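To keep things clear, I will list the structure first and then write my remarks on it.
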């Protein structure tokens, strides 16, 4: 979101600048040699460079397991040169349709490219057409498919202001008191998929204990996913850059933020489904601040308004994301909510401004503390 180092972690620690420079330089030297020898027809993409850098860093660190997230799709993704012990496919939405296809089935076919012969596949996908594609591919490759909707049973689900705890039954094994550390009911589904993958590896003899699974889940951190950066007023950051993600955030707002005045700081990339996303999110806000991260791909506030099918009642335009958030916080009382949504680039711009000190939210916290009764 802010620094490239965030993309590579070993035991929770970001790669250092020195280690990144060393690994990236080694990859670059190898690429230059292969291009010169004509073993490579062209220079790899930036993401391919980063993927190779991560592989080298993980190898040098001697990791036992590497958890890889595809950049886009799966079948043709740079991460898919590996031979995974287990593949995990989460719910499938319509995103990157210009590259992956315009239907759930087409996108599922790309996602199913990570499946390997005879290896387990954990799927939390809920779309019927996508599920059919994944099942057929598993049949073709004789891969073991564990669909969490039927294989994993959640019980004792408790909701603590959008953070969930639950028990999970997997083929007779009960993992109790699992705590999903990320807000939103949809994160329970993601947590179940992750826990099922770890459990399945343990069945193969890897030393992954129930305690390790429980602690690993509890300590999980995923910036920019309903991330709280201030409590009074409550300020939450989320990418919400496709309709499926926007619906999940909208459900969270209705479930946990009803009755509170809400301000939305919104930006989007030009290639996203702005019209559909705005129809989901804009009606849930009392005021909307449209802003514009400093990227060529970013839609201007005027372009966002042009794509919006129903014009919101009150719109403030502030091109600078940090200033837009400051204005929204200034207008908010301690019990109000400010939501920063629509793009991970917007989330990154806010987090960068916080890290650099050009955005300071302490004054709002101090003001809120002074206004609350002792």
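In my numbering, the protein residues as written are 461 to 834.
The C-beta atom is built at its ideal place from N, Cα and C for all residues, glycine as well.
Please read these numbers as outputs of a predicted model, since none were measured by experiment.
For my contact list, residue 642 and residue 628 are in at a C-beta cut-off of 8 Å; report their separation, rounded to the angstrom. In this structure residue 642 does not touch residue 628 by the C-beta definition: roughly 16 Å separates them, more than the 8 Å allowed.
Bridge partners for residue 697 per DSSP, in chain order? Residue pairing by DSSP puts residue 697 in a beta bridge opposite 687 and 800.
Nearest residue (CA-CA) to residue 616, options 597, 598, 636 and 538: Considering only alpha carbons, the answer is 636.
Hey, is the region 786–801 in contact with the region 694–712, meaning 3+ C-beta pairs nearer than 8 Å? Yes: the two stretches touch, three or more of their Cβ pairs being nearer than 8 Å.
Taking its Cβ as the centre, do 16 or more other Cβ atoms sit within 10 Å of residue 537, making it buried, or is it exposed? So residue 537 counts as buried.
Which residues in the same chain have their Cβ closer than 6 Å to the Cβ of residue 833, if we skip the five residues on either side of it in sequence? Confidence at residue 833 is low in this model, with a pLDDT of 49, below 50, so the placement of that residue is unreliable and no value is reported for it.
Endpoints, the beta strand (DSSP E) within which residue 750 is located: Where residue 750 is concerned, the enclosing beta strand (DSSP E) stretches over 747–750.
Any idea what DSSP makes of residue 601, helix, strand or coil? If DSSP states are grouped into helix, strand and coil, residue 601 belongs with the helices.
Just the C-alpha distance for residue 569 and residue 553, rounded to the nearest angstrom, thanks. Computed Cα separation, rounded: 13 Å.
Nearest to residue 737 (by Cα), restricted to the options 770, 563, 686 and 507: The shortest Cα separation from residue 737 among 770, 563, 686 and 507 belongs to 770.
Nearest-angstrom Cα distance between residue 474 and residue 566? Near 35 Å, if we compare the C-alpha coordinates of residue 566 and residue 474.
Three-state secondary structure (DSSP) of residue 526: Three-state DSSP puts residue 526 in coil, outside helix and strand.
Neighbourhood of residue 586 by C-beta distance below 6 Å, restricted to the same chain and skipping five residues each side: Same-chain partners within the cutoff: 551.
Can you say whether residue 644 is buried or exposed, counting buried as having 16 or more other CB atoms within 10 angstroms of its CB? Note on residue 644: 16 or more other CB atoms within 10 angstroms of its CB, so buried under the neighbour-count rule.
Residue interval of the alpha helix (DSSP H) (run including residue 409): Given that the chain is displayed from residue 461 to residue 834, the structure contains no residue 409 and the question cannot be resolved.
For a cutoff of 7 Å on Cβ pairs, would you count residue 695 as touching chain D? This model lacks chain D altogether; it includes just one protein chain.
Taking just the CA atoms, how far does residue 584 sit from residue 650? The straight-line gap separating the alpha-carbon atoms of residue 650 and residue 584 is approximately 7 Å.
Please return the same chain residues whose Cβ sits closer than 8 Å to the Cβ of residue 573, not counting the five positions on each side in sequence. Excluding residues within five positions, the ones whose Cβ falls inside 8 Å are 533, 534, 535, 536, 537 and 540.
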